[in-house]
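For reference, the structure is listed below as structure tokens.
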Amino acid sequence: MEYGLFFRCVMEFLGTFVLLLLGGGVVACVNLTKSKGVGGGWVTITIAWGLAVMCGVLIAGPYSGAHLNPALSVGLAVAGKFAWSDVLPYIIAQMAGGILGGLAVYVFYKDHFDVTEDKDIKLAVFCTSPAIRNFRRNLVCEILGTFVLVLVILFMSEEANIAKMGDSPIGLGTIGALPVAFLIVVIGMSLGGTTGYAINPARDLGPRIAHAIAPIKDKGSSDWEYSWVPIVGPVIGAITAALVFAVVKALM
């Protein structure tokens with residue numbers, strides 16, 4: 648069944664909202680003062696982020712393809728698997744879901760934000776930041792991480808890798824929720840140590856905006872100086888993956 652653009656955007660919004668609520672929620676859980684999950688560590692974060700994406704895919708996959716990521720929408724359009732006319736509406740829906748997801752995490756953990764003194768920890772709940780600030784290197788890391796994400800999705804959406812695609816829209820939902828979870832986990836564990844693996848502008852910019860507008864006690868800066876890296880990097884990575892995919896297909 649084909650769904651209208653508005654309905655697909657609603658599902659992109661809902662899927663991205665749940666993704667950011669759960670993804671931001673695990674960072675809050677393992678870092679904010681007096682949370683029962685404090686000290687859970689990087690493995691907890693990477694596994695939970697993978698499962699958070701899985702939940703978003705389960706919501707949006709059958710209806711919108713579950714892009715949940717502006718860079719993926721652009722990459723799929725470059726690869727000829729998604730209509731360019733639908734890219735901007737999808738991005739708007741994804742960004743709105745990211746902002747609301749970030750605000751929901753704040754509401755959920757407000758008491759813990761209030762008693763947490765470290766401003767950097769508060770910011771980390773919402774958005775990424777580099778372990779070592781080197782914008783050129785950070786950009787390369789985001790490009791490569793997103794390149795892997797989009798390239799794997801493109802090849803896994805090939806008919807040889809799926810039981811039946813039919814008229815379903817292309818996206819994370821095409822390859823199945825569980826494989827998507829594994830893909831996000833391995834990217835986080837392997838390539839996440841430098842920048843926190845945004846690999847998704849809606850995952851970073853949406854909650855960063857939420858951090859800026861939420862009445863968080865002693866929150867400090869939203870680090871807008873760095874904010875362009877997890878936007879530009881993923882878009883370049885997605886486009887590069889689409890071009891590599893196109894070359895491989897042309898060689899077949």
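So the number in our numbering is just where the residue sits in the sequence shown, counting from 1, plus 647.
C-beta: ideal position from N, C-alpha, C; glycine also.
Residue i - containing alpha helix (DSSP H), residue span
| i | result |
| --- | --- |
| T693 | 688-711 |
| H714 | Premise fails: H714 is in no alpha helix (DSSP H) and is neither H nor E. |
| Y753 | 734-755 |
| I846 | Segment: none, I846 is in no alpha helix (DSSP H) and carries neither H nor E. |
| V879 | 876-898 |
| M803 | 782-803 |
| K681 | Run containing K681: none; DSSP gives neither H nor E here. |
| A824 | 824-838 |
| F773 | 766-773 |
Other residues of its chain near residue i: CB distance less than 6 angstroms, five sequence neighbours each side excluded
| i | result |
| --- | --- |
| M836 | T693 |
| M812 | With a pLDDT of 46 at M812, under the threshold of 50, the modelled position of this residue cannot be trusted; read the value that follows with caution. Closer than 6 angstroms at the Cβ level, and outside the excluded window around M812, lies no residue. |
| T793 | A718, I846, P881, G884, A885 |
| L830 | V799 |
Between the CA atoms of residue j and residue i - distance to the nearest angstrom
| i | j | result |
| --- | --- | --- |
| A885 | F755 | 33 angstroms |
| D733 | P709 | 17 angstroms |
| W875 | K728 | 26 angstroms |
| I779 | V832 | 22 angstroms |
| A893 | A726 | 6 angstroms |
| E649 | R655 | 10 angstroms |
| R910 | E872 | One cannot answer for residue 910 here, as it falls past the ends of the chain, which runs 648 to 899. |
| V673 | W731 | 34 angstroms |
| T887 | T763 | 40 angstroms |
| F660 | A695 | 20 angstroms |
| K683 | G748 | 21 angstroms |
Contact set for residue i: own chain, Cβ-Cβ below 8 angstroms, skip 5 residues either direction
| i | result |
| --- | --- |
| G867 | K766, D767, K769, L770 |
| A810 | With a pLDDT of 48 at A810, under the threshold of 50, the modelled position of this residue cannot be trusted; read the value that follows with caution. Excluding residues within five positions, none has a Cβ falling inside 8 angstroms. |
| L852 | M742, G745, C774, S874, P877, I878 |
Residues of its chain near residue i, where Cβ-Cβ distance is below 7 angstroms and the 5 sequence neighbours each way are ignored
| i | result |
| --- | --- |
| G688 | V677 |
| L652 | D733, P736 |
| G843 | T775, S776 |
| L786 | V876, V879, G880 |
CB contact check: residue i to chain B, cutoff 9 angstroms
| i | result |
| --- | --- |
| F755 | Of the chains in the structure shown, none is chain B; there is only one protein chain. |
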